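**Q**
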Amino acid sequence: MFLPLLIAVHVIGVVLWIGGVAFVTMVVFPMIMRMENSLEKVLFFQGVEHRFAKIAKTSVVVVGVTGVLLLHLTGGWNVLFKASGIGPTLMTGVWVFYVFILMFEGRLFKALFRGEAQQDTAKVFYRLSVFHWVILDMSLLAIGVGVWAGHGGRF
Ligand code: HEM
């Protein structure tokens with residue numbers, strides 16, 4: 139009973155987190171790129187990211203704690219980095235990548251927007267949008283492979 143409950147909490151965390159990433163990537167970025175004014179673009183983006191960062195950080199903790207507990211309870215540590223553990227291995231990789239981004243997020247944004255008045259903001263947002271597509275695709279791959287492998291899918 140505890141294990142299915144743990145998977146449910148894990149997946150709810152994943153839905154809130156990756157759902158948010160999908161929304162930012164597929165809805166917010168196209169909106170920003172259609173805006174005319176550079177300052178408006180930066181303020182809107184920072185407002186959205188600032189709010190979403192709190193949701194993402196909480197979800198990352200919930201997903202990480204439940205994921206490690208799941209690995210522990212299913213005795214999955216020894217399948218990590220093996221073909222039979224492809225699901226949890228991809229999940230862990232994506233999780234570590236996000237933790238890294240969220241830890242250095244402040245510095246990353248500062249570096250991106252430094253001297254913004256002189257910079258081409260359209261170029262910065264285009265690069266940010268491509269980056270969001272990359273992390274969204276990685277996350278969807280981890281979800282797809284995780285569900286596939288968790289329900290009997292084998293190579
Ligand atoms: C430290 C990070 C993580 C660990 C250790 C971890 C580990 C696990 C484990 C052991 C399971 C149970 C698999 C099974 O039923 O055989 C699971 C389920 C799942 N995980 Fe993760 N996970 C982590 C992060 C993530 C992330 C980042 C995502 C999404 C991008 C994700 C998506 C899922 C999904 C969708 C399931 C449900 C699979 C099913 O249908 O049973 N996990 N995770």
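Mapping of the sequence shown onto the working numbering: position 109 corresponds to residue 247, and the numbering continues sequentially without gaps.
Ideal Cβ placement from N, Cα and C applies to all residues, glycine included.
Small disclaimer: the values here were computed from a predicted structure and weren't measured.
Just to confirm the assignment, what range does the alpha helix (DSSP H) spanning E174 have?
**A** Here E174 belongs to no alpha helix (DSSP H), and DSSP marks it neither H nor E.
**Q** At a cut-off of 7 Å, is A280 close to the ligand HEM when judged by its beta-carbon and the heavy atoms of the ligand?
**A** yes
**Q** Distance, Cα to Cα, R265 vs I281?
**A** 25 Å
**Q** Three-state secondary structure (DSSP) at L218?
**A** coil
**Q** For G205, name the three-state secondary structure that DSSP assigns.
**A** helix
**Q** Output the boundary residues of the alpha helix (DSSP H) element that contains V152.
**A** Taken as a continuous stretch (DSSP letters only), the alpha helix (DSSP H) holding V152 covers F140 to F161.
**Q** When burial is assigned at 16 or more other CB atoms within 10 Å of the CB, is M229 buried or exposed?
**A** buried
**Q** Just to check, is the beta-carbon of G291 closer than 7 Å to a non-hydrogen atom of the ligand HEM?
**A** The answer is no for G291.
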